[in-house]
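Chains as they are written, first to last, in the working numbering: chain A, 1 to 255; chain B, 1001 to 1255.
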């Protein structure tokens, strides 16, 4: 369980970083299945225009080890504690940044898409991002504006990021808004070893640059949504916006 | 004059960082002319595909304040000391990264172009880069592989970076080479306030990501070349590869 100070920090910043939250053994078991996953030819495996694999969605459908990890007590209990109730998984994906690759993301709030494209009623969802590779200054770390979630939903313009071809649009925040938010709150880009975790609110503004390092940057995203906040009008495929609404319960690792 | 330790560091790393080397007043005088410069419609003002001004070349031709600065004793004496003889200016440009813009650069050695496109005989040239804006983690700092210059000219592939339309190609270094160099030497991306300087050898590998901050990132590049190493077979316009070969002498600021 998170400490009251950690919960308070999450509520204040919309961001909570937990270095080495998962063990290297747990991460190693997940990474061992990644080469098989990214080589698959399935709609859940999203490619960039340049042919790089940039994301693997709905991992639990085709990976036993990722399916088990989805029920990890640390994931479920942390999400329950921060969201204040029972949860299901809205998205479960790896975002892959290739070495010296092109994938980047403009400033956006995830709740923009969850609401507009999936029909999520309220911003009662969060991401637990898990570093499957070490995240450094040079491999495209995610940059956040801490506290930006407290500004609520910010008007934005839907557009397709250059790097992504077959996934989705993003509701891009404009310069004026970002300038105001950064003046007030600054920017942070948490780095850390494999197994580190950055938890962020669905309204926390974030962006990232391409990976200029010669190594991969895989980050696993587990998006938890309150059972009572299940999506109503999904327009994206069910591997992008899950609609089975199965309440997740912690299961002690049997692997 | 640089200390023997600073000269040694430059020779070892192909990189020397001098925080706040120029005063805020000197930088302020230069920056005051930048809005006029980037608004000009001249071949020296390079635009990106998106219409952003991404570079202003041969600044001394159309800016009195930049022309004077080109003769700054600190620039000339530093370049002379590190190159071991009299110099002229091969390039003199601002690279502008717009707020939340698209301009980035793949890994390359500048000497690749100086040799292949301009006919520079030997790598006896260096860049003095001067931060006209504060350079932070988030506005596209230049990342260097210290010590990479000691590997000499590395075979590479000429290509046009996505962000640049009317300037030039870059000799892009491939992943295998970068992985070896980074394993041996690491990567650094020097940040610093306005007026800071990063001096780097023509063979030092470097790259940079786009600016995700809401503010501009202007860096001034003064490329010094030994008089005895003047270019022989220029193929690029004279505002990209100067061919007047005027020996520079320090002039105490009269402005």
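In this text, a Cβ means the ideal position worked out from N, Cα and C, and glycines have one as well.
By DSSP, does residue i sit in helix, in strand, or in coil?
| i | result |
| --- | --- |
| residue 82(A) | helix |
| residue 1200(B) | strand |
| residue 1242(B) | coil |
| residue 1029(B) | helix |
| residue 129(A) | strand |
| residue 1165(B) | Any reading at residue 1165(B) must be qualified, since the residue scores a pLDDT of 48, below 50, and its modelled position is unreliable; the value itself is stated next. It is coil, neither helix nor strand. |
| residue 1108(B) | strand |
| residue 22(A) | coil |
| residue 1178(B) | helix |
| residue 1036(B) | helix |
| residue 1278(B) | This structure gives no information on residue 1278(B), because the portion of chain B shown stretches from 1001 to 1255. |
| residue 137(A) | coil |
| residue 1256(B) | Nothing can be reported for residue 1256(B): it is not among the residues displayed for chain B, which extend from 1001 to 1255. |
| residue 1076(B) | helix |
| residue 1016(B) | strand |
| residue 1059(B) | helix |
| residue 1116(B) | helix |
| residue 1247(B) | coil |
| residue 122(A) | coil |
| residue 1153(B) | coil |
For residue i, which residues from the same chain have a beta carbon less than 6 angstroms from its beta carbon, with the 5 sequence-adjacent residues on both sides left out?
| i | result |
| --- | --- |
| residue 1189(B) | 1141, 1143 |
| residue 1107(B) | 1173, 1178, 1205, 1207 |
| residue 1059(B) | 1066, 1092 |
| residue 85(A) | 226 |
| residue 1147(B) | 1013, 1185 |
| residue 94(A) | 56, 218, 220 |
Can you find a C-beta in chain B that's less than 9 angstroms from the C-beta of residue i?
| i | result |
| --- | --- |
| residue 12(A) | no |
| residue 138(A) | yes |
| residue 107(A) | yes |
| residue 182(A) | yes |
| residue 110(A) | no |
| residue 175(A) | yes |
| residue 198(A) | no |
| residue 48(A) | no |
| residue 219(A) | no |
| residue 210(A) | yes |
| residue 214(A) | yes |
| residue 99(A) | yes |
| residue 104(A) | yes |
| residue 231(A) | no |
| residue 238(A) | no |
| residue 187(A) | yes |
Would you say residue i lies against chain C (beta-carbon separation less than 9 angstroms)?
| i | result |
| --- | --- |
| residue 1064(B) | In the structure shown, chain C does not exist; the protein chains are A and B. |
What does DSSP give as the partner residues of residue i in its beta bridges?
| i | result |
| --- | --- |
| residue 257(A) | Examination of residue 257(A) is not possible in this model, given that chain A is present from 1 through 255 alone. |
| residue 53(A) | 47(A) |
| residue 145(A) | Its beta-bridge partners do not exist; DSSP assigns none. |
| residue 159(A) | 170(A) |
| residue 192(A) | 135(A) |
| residue 208(A) | 105(A), 142(A) |
| residue 218(A) | 96(A) |
| residue 1002(B) | In the DSSP output, where bridge partners are listed per residue, residue 1002(B) has none listed. |
State yes or no: is the beta carbon of residue i nearer than 9 angstroms to at least one beta carbon in chain A?
| i | result |
| --- | --- |
| residue 1037(B) | no |
| residue 1159(B) | no |
| residue 1154(B) | no |
| residue 1179(B) | yes |
| residue 1165(B) | Unreliable placement is indicated for residue 1165(B), whose pLDDT of 48 sits below 50; no coordinate value is reported for it. |
| residue 1143(B) | yes |
| residue 1171(B) | no |
| residue 1058(B) | no |
| residue 1008(B) | no |
| residue 1207(B) | yes |
Sorted by chain position, which residues of the same chain lie with C-beta nearer than 8 angstroms to residue i's C-beta, five sequence neighbours on each side aside?
| i | result |
| --- | --- |
| residue 1087(B) | 1076, 1079, 1080, 1224, 1225, 1226, 1227, 1247, 1248 |
| residue 1157(B) | 1171, 1172, 1174 |
| residue 1252(B) | 1073 |
| residue 978(B) | Look at the range of chain B in this structure, 1001 to 1255, and you will see that residue 978(B) is not part of it. |
Only counting the same chain, and skipping five residues up and downstream in sequence, which positions put a Cβ closer than 7 angstroms to that of residue i?
| i | result |
| --- | --- |
| residue 152(A) | 203 |
| residue 243(A) | 231, 234 |
Is the segment 1001 to 1013 of chain B in contact with the segment 71 to 81 of chain A, if contact means three or more CB pairs nearer than 8 angstroms?
-> no
contact_flag[the segment 110 to 117 of chain A, the segment 207 to 217 of chain A] where n(CB pairs < 8 angstroms) is 3 or more = no
Mind the definition here: the segment 115 to 126 of chain A touches the segment 1021 to 1030 of chain B only if three or more C-beta pairs lie below 8 angstroms; say whether that holds.
-> Between the segment 115 to 126 of chain A and the segment 1021 to 1030 of chain B there are fewer than three inter-stretch CB-CB distances shorter than 8 angstroms, so the stretches are not counted as touching.
Counting Cβ pairs, one atom from each stretch, are 3 or more of them under 8 angstroms apart for the segment 1005 to 1025 of chain B and the segment 1186 to 1201 of chain B?
-> The count of Cβ pairs closer than 8 angstroms, one atom from the segment 1005 to 1025 of chain B and one from the segment 1186 to 1201 of chain B, reaches three, so the stretches are in contact.
Are the segment 129 to 137 of chain A and the segment 1230 to 1248 of chain B touching by the rule of at least three beta carbon pairs closer than 8 angstroms?
-> no
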